[in-house]
Every structure is written in structure tokens, then in C-alpha cells.
Amino acid sequence: MSLDRESLHIDNLSTSNYARRRSQLMQLIKQLRAVGAQADVDLPRIAVIGNQSAGKSSLVEAISGITVPRDSGTCTRCPMECRLATSSDPWYCQVSLRFEYDEFGKPLKDVREILFGPGLSEHEKDRVELVLRRAQTAILNPHVPHTNFLDLDVEELKGFKHGQALKFSRNVVCLDISGPEQTDLSFVDLPGIIQNDEPDIVRLVEDLVVTNIKGNCLILVALPMTDDIENQKAARLAKQEDQTGRRTIGVLTKPDYLTSGSTKRRQDWLDVIEGRVHRLKHGYFVTRQPDDDERAQGITSERARQVESEFFDTHAPWNMSMEPGRFGTRNLTATLSKLLTEIIDESLPALRSEVHSSLEKCRTALEQLPRPVDDPSTEVLNMITWFSSELKEHANGLPGCEKMVQTNRATYHDFKVSVRRTVPRFYPFKDKKNGQGRSFDPDSTDDSDGEESIRASDKPSPTVERSKPMYLKDMRKHIKSCLTWELPGNVPYHAKTALISNITQQWQDPAKECFHGVADALRLALSGIIDKKFSRFKALEAHVRELVFEEVRVRQEQGLLTLEMILKLEGPPLFTQNTHYNASVRDKWLAKYKSAKRSAPAQEPLPTLPYVGSPDEMPNGYGSRGAAMSIEDALASLAKAGYNVTRESLAKLAPVDEYEEELGVMADVRAYFQVAYKRVIDYVPLAIEHTFVRALVEGIQGSLIKKLRLGEPDSRQRCALFLNEDQNVVLLREELEARRHRLEQANHELLNFGGF
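Position 647 of the sequence shown, counted from 1, bears residue number 647 in the UniProt record's numbering, the numbering being contiguous throughout.
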């Protein structure tokens, strides 16, 4: 079917089911745009673009049947949405303003479409141009009430100046035009593309055009035949957004401006019209609009169409074209109406699905945001309670909150290693030379001690150094230096206490380092919980952080005092009631020292008493293995006789050693170290936990409630100041709520649409 017959067929469907369907679809899109759905979903539409002076305004007048402002110096400075509808009622026009953006170009939360004055009847048709001038001025001056412009005349509008007036706006002037002669059609007329203005203005207009021709949009490009297509910026922008030409329709204007001698140019344009060059899926149309003289004479819309038809019928090569349906405004309008109807109809299922999906995503996003605060005091109290509760979970190492406890246990272990590192290094040999080649570990322990020797992998405090080796001659010298009025055979008590004090004094620094390590872990945990619980409210977060860490400082000072007291207990006087353990350890170490001392090198005389150690551990060159076995027999015989004797006890039967006193001091000091070591590695961690960590955990809730003065009469007002949300969250919630409102309205319109 040729385009002219098809267009005539479409025109004859005004009362058919197709016409009703078309009207319903156009009305649906109108309602969706009125509620702002275009901000969230890609609504089908037609956008008219073109360079300034491309004949775009004349084209809009021809399609809509109205007169738009077009005198010198006047141009479209905001989008104009024309919504045409066939009606059996007389011609009627209503102008509205749709505000989608604020004065800074940011989308509004709620799209508003408001009537701009009363509607115009057919006998007021000549007033449409003035009303459009007023409406555009109102759009460009959003700070001024729109009612201020309803009665201004042309001169008053030209003279209206406002310091905050916009040069261009994204907000829309809407025209609803209905009447028997109208075709169901809607389109957006965009500002003409300018090239000779400030760069910012040129870019603003181009951005406005590009934004509106993206997506599900038919791009109607006005192209004056007085210039080549390649020179048209509007054509290049359309090509940029529609590279395949599937959505673009070219409208060639000003064919009557071609001079009689422009035969070649006419033929070139005919090649374009008939699809031989610059092909587009929907092709090109040619319109001829009234010139200045005809407009000055007040030519009517109907007469303009007659003149247009006569022009194409009488001028070559147009009257010889193989595509007669490509000429004339009526053919263009009918085709646009048909195409837009098809696009809307085809898009409805996807549109409905997109609205539903977007609405669900919007609701989900809102649910994920924190709820607005209704009662500030209660909210702050709840947050403090949650904070305190989670801190307790961290202190107890409950599932998911193990990090702090694990870190502290590692810190306590490091403290234990540091204390263990101060163990006295007594060697039961006369001197270093005498001990060469003889294996002895002064830190070795019995299995019954339950302690391990220091390992290379342990991490002691960097302030702790291992004690210097001390041999028997060194010990004798030390005892002598402490001798005062003691009777013969009595070792000075100070000889022992001095050695022990030298050891315990080294525990101060590791203990404090342990405390500070725990404090650091606690601060880290507190910081994480504060971030988690209070980050929504930055003012409250900062204040709570300050209060909490001040409380940590106070508790830390108190805890350090307790720690110092515990460490002071390890100073004079030396004391233990754990006498059984102390004696047991002393005996073991005395036996070890004596046994090691007897394991003399091969060149020294063998001791008179056989080796009393395990036969498997007998050193090379030390007596015979048979002698060792006789010791086992002796121990067995004594056991049968009812005497519970150990190898260590047998060692006491050896003749008195010349270093007996020195060995005794070594055993006494080593035994007391073991007693003190075992208690301090428990009491220091327990003191830190109870007087610092637990004290803070148990007291933080009450402290915060008191310092935030939650029980005072003005607490609600003060808490409200703390609960000012992060503006990014506030803006996001407002944006999502506005979007949900738009989508709910759009969903309502789609659900109620009778065309599904």
C-alpha cells in the first residue's frame, strides 16, 4: 500500500476501534508523563529537533494548528509538549506547566503539573501565542509565582527582568489541544540548536536535546533544504543517538526557498526523499509552510494546507516523485500518529513489567535504609543499649565476636613468655670454662611443672633480656658480697632476696606492655562497634566516640594503679604459703644441679657415688651402665622395705660438696621464681580483665546515659540535634520515596488502563 493511500485510510479511522485505541494510548502516555513516570521508565514519545531557523517552529505550528512565538529574538527556551486529541467537541486548548526540575537542574521529589490559567475556546485561538509567551516566562522564573504572569501583555513580558531568571529550563510547557480536526498525536518540541552563543549555553541546549532523544523516542529532525544534511548539527546529534537510523524521521523544510535554477539541488533532495541516499527506516517527509507575507496576511491553518498541496502538485520534481505520500503536513501527521500508536502499543507489556520491577526494587531499597526517627530520646537510649550489649559479646568472645578475646589471649601469652624469659640462668659448674662440653639447660623443667622452655618462636617483650649466666664461683662471690653478721653456715637472706628482686623488677615493663596491648585491642573493638551502631548519625557518633574513649582513659588509669599494686606484691617481703610446691621444686632443682655438677668431663676423677639418673640418659664416660642398674635395684629394694626413696633423695647421700651453699641458693631462688612466675602470669591478666576490661564493659551503659543526660527534661530536644542524619541518606530516602510515589501512580494508571 502506498503512503498516500495508507494515510488516507488512517484518516478515515477516526470513529473506528483503531481510533478509540489510539486515543486511549495517547491519553495513557499523557497521564504517565503527568505523574513524572518519564523520570523512571522509558516512555514512548516523539521529539522534534532542529537547528535555529530550520523551520522547526513552522512545522510545529502546522502539526498543532496553533501559532507559536516566533518574532525576532524569540526562541523556544524550554521543552513544549503538544498533546493533540481527536474530539467531537469544539476546538479547545489548555496550557499547563510541568515542573520536573528545580532551578539548579536537579530532579524534584514530586513532579507537579499545574494549569496555567483557564482553557481557550475556538474563538480565543489567536490568544494561544500570548499564553505560550507567558507560560515560558513563568517556567524561566521559578522563584516568581506563576500567577504573576497570567495577565502580562507582550510588552510587559519583554520588559520583565528578574535577576534569577534562567536562560533555558528543562521544565515543560504543556498544551492539550482537542477538536474535530485534530489527530491523536503527542510530541515534544525542543529548543532549537544554537551555535553562536556562550559555550555553556550551547552545551546546555545540546545536552537538553540529547537527553530527550535517547531511548524509546522517535526523532523528528527538521532539515532546511537550503543547506546540505551534512551541515546540520541536529542531524549529527540524531545520528549520534540513533546510529542505524531506525528511530529517526527527516522532515525537509523550505522547499519553496530553492530557486528556479537549483535543479541539481532539487534532484539531490529527491534522491534523499526516495531513499537512494541517507537512508532512514521511516524515511523523509517534505512540508511547505507559509512564508512571512502569508503569515502577515493571517493565513489560516486550513488554507495553509491547501497552498501546500497545490505547491507539491505543481512543482517539479515533487509532482513526479515515486513517493507522493512523502509530501505534505497531513501525510506527515498521519504517519507520526500511526507510528507513535504502534510504538506505545508494542511497548505496553514491557512498560508494565518495567514499572512493576522498578517499583519492587525501589521498595526494597527503602526497606534497606534505616527508618526515620520518631522519638529521639528512646532512639538514643536503644542505641546505647545495643552498643553496650554488643560490647559484652565482644568481651565474652561470643560467636562472631571472637577477635578481641583472641587478641587479648595472644597478648597474655606474650606476657607469660616475657616473664618466663627472666628465669635465672644458674649453671652448677665452677665457671664457664669448667662447664664447656657439659650439657645443661637452666630453663628445663619437669613434666610435672606443666611449663615449657622458652622457644625461638615465642615473642617476649622487647624490653626483657635473658638473665646473664651465673656459675658457682659467681654465686660464691655474690653471697660473699651480701655477708654481714651471719653465723658460720648461714647464707645471708639478702643474697636470695637480691637475686629474686632483680628478676621480679623486670616484670614491670612486660606487664604494662600487656596492659596497653589489651587497651589497644579494646579501643579497636569499641571503634568498630561505634561505627556499626552510630555511623548513621555523624554528630551522635562523634560525641559518643569522645565519651567512650574518655571513659577508656579513666578506666585505664584505674586499671594501671591496680596493676602496679599487684606487681608491688612481688617485691619485699618475699612470701608464699605454697610451701609444698616451693619445697618440691627446690628439691628437684637441687638434685638437677648436683647431678649436673657430678657429670664431670672425662679428665676429672669420677665421683664416689654412682650416677643416679636414668640409665638411658647416662652421659658418655660416666661409670658403667651396670652401676646405674644397681641403683635401680637399690631403689627397688628400699621400696620393698617401705622406704619411698627417689634418685634425687639418693643424691643427698653424696659427700658434702664444697659448693653446697651455692647450690642451695640456686635451688631456693629457682624454686621461688617458679612460685612467683606461676601466680603473676595469672594475676596480671585477671587484674587487667576485671579492673579494666570488665569494669568498662559493665559501666559504659550507665556512664553514657549519665553523660548524655538522657533523664533530663530537655533530653528529647538535645537528642534530636544528635540524630541529624547523614545528608546523603536523607537525600537518598527522599529520592526513593519520590520515585516510589511516581511509580505507584504510574502502576495505578497502567493497571486501570482499559486497553490491556
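Every residue, glycine too, gets a C-beta built ideally from N, C-alpha and C.
Since this is a predicted model, take the numbers as computed values, not measurements.
Rounded straight-line distance, which links the Cα of residue j to that of residue i
i	j	result
Glu749	Lys109	19 Å
Gly65	Val188	15 Å
Val491	Ile529	59 Å
Ser535	Glu390	15 Å
Ala521	Val419	21 Å
Ala636	Lys592	21 Å
Gln267	Leu339	28 Å
Phe116	Asn171	14 Å
Ser614	Tyr412	Unreliable positioning characterises Ser614 in this predicted model, as indicated by a pLDDT of 46, which lies under 50. The coordinate reading is nonetheless provided below. Each residue's alpha carbon lies about 36 Å from the other.
Gln506	Leu499	12 Å
Tyr659	Pro428	9 Å
Glu346	Val355	15 Å
Cys93	Arg22	20 Å
Glu113	Ala34	6 Å
Glu744	Leu359	7 Å
Ala304	Thr67	13 Å
Glu122	Pro90	7 Å
Lys594	Lys512	38 Å
Asn502	Leu472	18 Å
Other residues of its chain near residue i: CB distance less than 8 Å, five sequence neighbours each side excluded
i	result
Ser321	Leu270, Ile273, Glu274 and Phe327
Ile479	Val491, Pro492, Ala495, Glu661, Glu662 and Val665
Asp375	Arg716
Endpoints, the beta strand (DSSP E) within which residue i is located
i	result
Val188	Leu185 to Asp189
Ala86	Going by the sequence as given, residue 86 is Thr instead of Ala. Thr86 -> beta strand (DSSP E) spans Met80 to Thr86.
His465	The sequence as given places Glu at residue 465; His does not occur at that position. Here Glu465 belongs to no beta strand (DSSP E), and DSSP marks it neither H nor E.
Pro90	Careful: Pro90 lies outside any beta strand (DSSP E) and carries neither H nor E.
Pro572	Unbroken run through Pro572: none, as it is neither H nor E.
Cys174	Val172 to Gly179
Thr248	Thr248 to Thr253
Backbone secondary structure at residue i - three-state DSSP
i	result
Asn17	helix
Thr504	helix
Gly621	Residue placement at Gly621 is flagged as unreliable, the pLDDT there being 40, under the threshold of 50; a coordinate-derived value is accordingly withheld.
Lys496	helix
Leu223	strand
Ala54	coil
Tyr471	coil
Val491	coil
Leu204	helix
Ile194	coil
Asp110	strand
Tyr412	helix
Ser599	coil
Ser388	helix
Tyr427	coil
Spatial neighbours of residue i in its chain, beta-carbon cut-off 6 Å, leaving aside the 5 residues before and after
i	result
Arg246	Lys281
Asp734	The question names Asp, but residue 734 is Glu in the sequence shown. If we look at Glu734 and ignore the five residues flanking it on each side, its Cβ neighbours are Lys109.
Val380	Cys719
Lys254	Gly55, Pro224, Met225 and Thr226
Val131	Val95
Close Cβ partners of residue i (< 7 Å) along its chain, the five nearest in sequence each way excluded
i	result
Thr137	Phe149, Leu157 and Phe160
Pro605	Note on Pro605: pLDDT 47, under 50, position unreliable in the model; no value is reported.
Met383	Lys533 and Phe534
Ile344	Leu25, Ile29 and Pro44
Pro107	Ala39, Glu100 and Tyr101
Lys233	Asn51, Ile193 and Gln195
Lys214	Glu241
Where the alpha helix (DSSP H) containing residue i begins and where it ends
i	result
Tyr683	Glu660 to Ile688
Gly699	Arg694 to Lys707
Lys233	Lys233 to Glu241
Leu150	Neither: Leu150 is in no alpha helix (DSSP H) and is coded neither H nor E.
Asp42	It is not in any alpha helix (DSSP H) - Asp42 carries neither H nor E in the DSSP assignment.
Val373	Careful: Val373 lies outside any alpha helix (DSSP H) and carries neither H nor E.
Cutoff 8 Å: residue i Cβ touching any chain B Cβ
i	result
Ala519	Among the protein chains of the structure shown there is no chain B, as only one such chain exists.
Query raised in the report: On the three-pair Cβ rule with 8 Å, is the segment 667 to 684 touching the segment 578 to 587?
Result: Verdict: yes, contact present.
**Report entry** the segment 190 to 203 / the segment 151 to 166 touching (three or more Cβ pairs under 8 Å)
**Finding:** No, because fewer than three Cβ pairs between the segment 190 to 203 and the segment 151 to 166 fall closer than 8 Å, the two stretches do not touch.
Report task. Determine, using beta-carbon pairs with one atom in the segment 213 to 232 and one in the segment 75 to 94, whether at least three such pairs fall under 8 Å. Result -> The answer is no - the segment 75 to 94 does not touch the segment 213 to 232, with fewer than three Cβ pairs under 8 Å.
Query - At least 3 beta-carbon pairs within less than 8 Å: the segment 367 to 378 vs the segment 722 to 731 - result: These segments touch.
Query raised in the report: Is the number of C-beta pairs between the segment 557 to 569 and the segment 689 to 705 that are closer than 8 Å three or more?
Result: Yes: the two stretches touch, three or more of their Cβ pairs being nearer than 8 Å.
Query - Contact between the segment 301 to 313 and the segment 161 to 177 (3+ Cβ pairs under 8 Å) - result: Look at the beta carbons and you see the segment 301 to 313 not touching the segment 161 to 177: under three pairs across the two are nearer than 8 Å.
Query raised in the report: Just checking, does the segment 175 to 188 make contact with the segment 82 to 96 on the three C-beta pairs under 8 Å criterion?
Result: The segment 175 to 188 is in contact with the segment 82 to 96.
Query raised in the report: With contact counted as at least three CB pairs below 8 Å, one residue from each stretch, are the segment 570 to 577 and the segment 700 to 713 in contact?
Result: No, the segment 570 to 577 is not in contact with the segment 700 to 713.
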